[in-house]
Amino acid sequence: MRAISAEEVRPRLHAWDVEAHGLHVRAGRHLAVAGLDLTLGTGVHGLLGPNGAGKTTLMRALATVVRPAGGTLRLLGTDAGGRALRGLRRRLGYLPQQFGYYPRFTVREYVEYLAWMREVPAAEIPGAAQRAIDRVGLTARAGARLKTLSGGMLRRAGIAQAIVNDPALLLLDEPTVGLDPEQRVEFRELLRDLGTDACVLVSTHLVEDVVAACTDVVMINDGTHVFQGTPAELTRLGAQGGTGDSPAERGYSLLLTRHRDGR
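Just so we're aligned, residue 1 is where the sequence shown starts under the numbering used here, counting upward by one.
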């Protein structure tokens, strides 16, 4: 059994796991996130928006990969614009849309290496890595080299490294790319489990995954806030118009059209 750290039992002193006010974030010279207000707590939150909406840049800011260019951003009670981020980063899990890896590493070696990078205590790394591998359904391939895996299996290895440190804030950018329908259903179940005691933000273009797995929906466009509510609220909006194959997709389409038209 994994030992409980002092960090985990420390009283919670922050109201929100993610709290952004007037957040600006640049992607190169482009202002990709422009004045965004956002609060997220425990649960599974789906991040929706068209290509170029600023989703990936926002995820990178929440992962402390890039610093805010303006506004305020607090993560797990810590100022993400500050310099003392080491303790915060130990409590984050992050799967980028494109993630790097050593092709000759086995799945187990890769997950253990990322556990070490996140400062999981050395004695706990083997067990933590095995639990993460088991949770994403790669137990039988734990000894396989990453270069031999299919795209879907490689994505699952990426998810395993993101959860190996039992993060309080988990950020997943397009995690279902390459997963077949059965694997996507299993992943939704994993998300619901993870969201019981952590803040999970999933960036995706698949509205149906958000409706099936998320407790909350956040939608942005042009780096600004469009909508935040429950999947049921998004689905109900679909009765008012929009295009798509499902009520939720029509609700998404309607919101996007209204935002572009300035309504």
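Built from N, CA and C at the ideal position, the CB exists for glycine as well.
Just so we're clear, the structure is a prediction, and the values are computed from it rather than from any experiment.
Supposed close pair Gly143, Arg108 - CB separation, criterion 8 Å: Rounded, the Cβ-Cβ distance is 6 Å, consistent with contact.
Return the bridge partner residues of Glu186 from the DSSP annotation. Answer by DSSP bridge pairing: none, since Glu186 is not bridged.
Does the region 46-55 touch the region 76-87, meaning 3 or more C-beta pairs lie closer than 8 Å? No, because fewer than three Cβ pairs between the region 76-87 and the region 46-55 fall closer than 8 Å, the two stretches do not touch.
Quick check on the burial criterion: 16 or more other C-beta atoms within 10 angstroms. Buried or exposed for Gly241? Flag for Gly241 reads exposed.
So is Ser203 buried or exposed if we call it buried at 16+ other beta carbons inside 10 Å? With 16 or more other Cβ atoms within 10 Å, it is buried.
Can you give me the Cβ contacts of Glu7 inside the same chain, cut-off strictly under 6 Å, excluding the 5 residues immediately before and after it? Confidence is the limiting factor: at Glu7 the pLDDT is only 49, short of 50, which leaves the residue's position unreliable and the question unanswerable from this model.
How long is the line joining the alpha carbons of Phe99 and Pro175, rounded to whole angstroms? Each residue's Cα considered, the two are about 11 Å apart.
Under 6 Å Cβ to Cβ from Gly223, same chain only, skipping five residues before and after it: list those, please. Closer than 6 Å at the Cβ level, and outside the excluded window around Gly223, lie Ala32, Val33, Ala34 and Gly54.
Measure the Cβ-Cβ separation of Ile133 and Ala162 and say whether it is below 7 Å. Using a Cβ distance threshold of 7 Å, Ile133 and Ala162 do not count as a contacting pair.
What would DSSP say about Thr176, mapped onto helix, strand or coil? Coil.
Which of the three DSSP states is assigned to Arg26 in this structure? Reduced to three states, the DSSP call for Arg26 is strand.
Look at the alpha carbon of Leu95 and the alpha carbon of Leu172, and state the distance between them as a whole number of angstroms. Straight-line Cα distance between these residues: approximately 5 Å.
Quick one: what does DSSP say Val211 is sitting in, helix, strand or coil? Reduced to three states, the DSSP call for Val211 is helix.
Proximity winner among Leu75, Arg184 and His30, relative to Ala198 (alpha-carbon distances): Selected option, being the one with the closest Cα: Leu75.
Check this for me: beta carbons of His21 and Asp37, under 7 Å apart or not? The answer is yes: Cβ separation under 7 Å.
Compute the Euclidean distance between the alpha carbons of Thr57 and Thr257, then round it to the nearest angstrom. Each residue's Cα considered, the two are about 22 Å apart.
Under 8 Å by Cβ, that's how I've got Val200 and Val164 pegged, so tell me the actual separation to the nearest angstrom. So it is not a contact: roughly 15 Å between Cβ atoms.
Complete beta strand (DSSP E) runs within the region 46-92 (minimum length 3 residues, chain order): Within the region 46-92, the runs of beta strand (DSSP E) at least 3 residues long that lie entirely inside it are, in chain order, 70-75.
Can you grab the Cα-Cα spacing for the pair Leu47 / Val136, in whole Å? Answer to the nearest angstrom: the Cα atoms are 21 Å apart.
Please report the straight-line C-alpha distance between Arg118 and Leu88, rounded to a whole angstrom. Straight-line Cα distance between these residues: approximately 10 Å.
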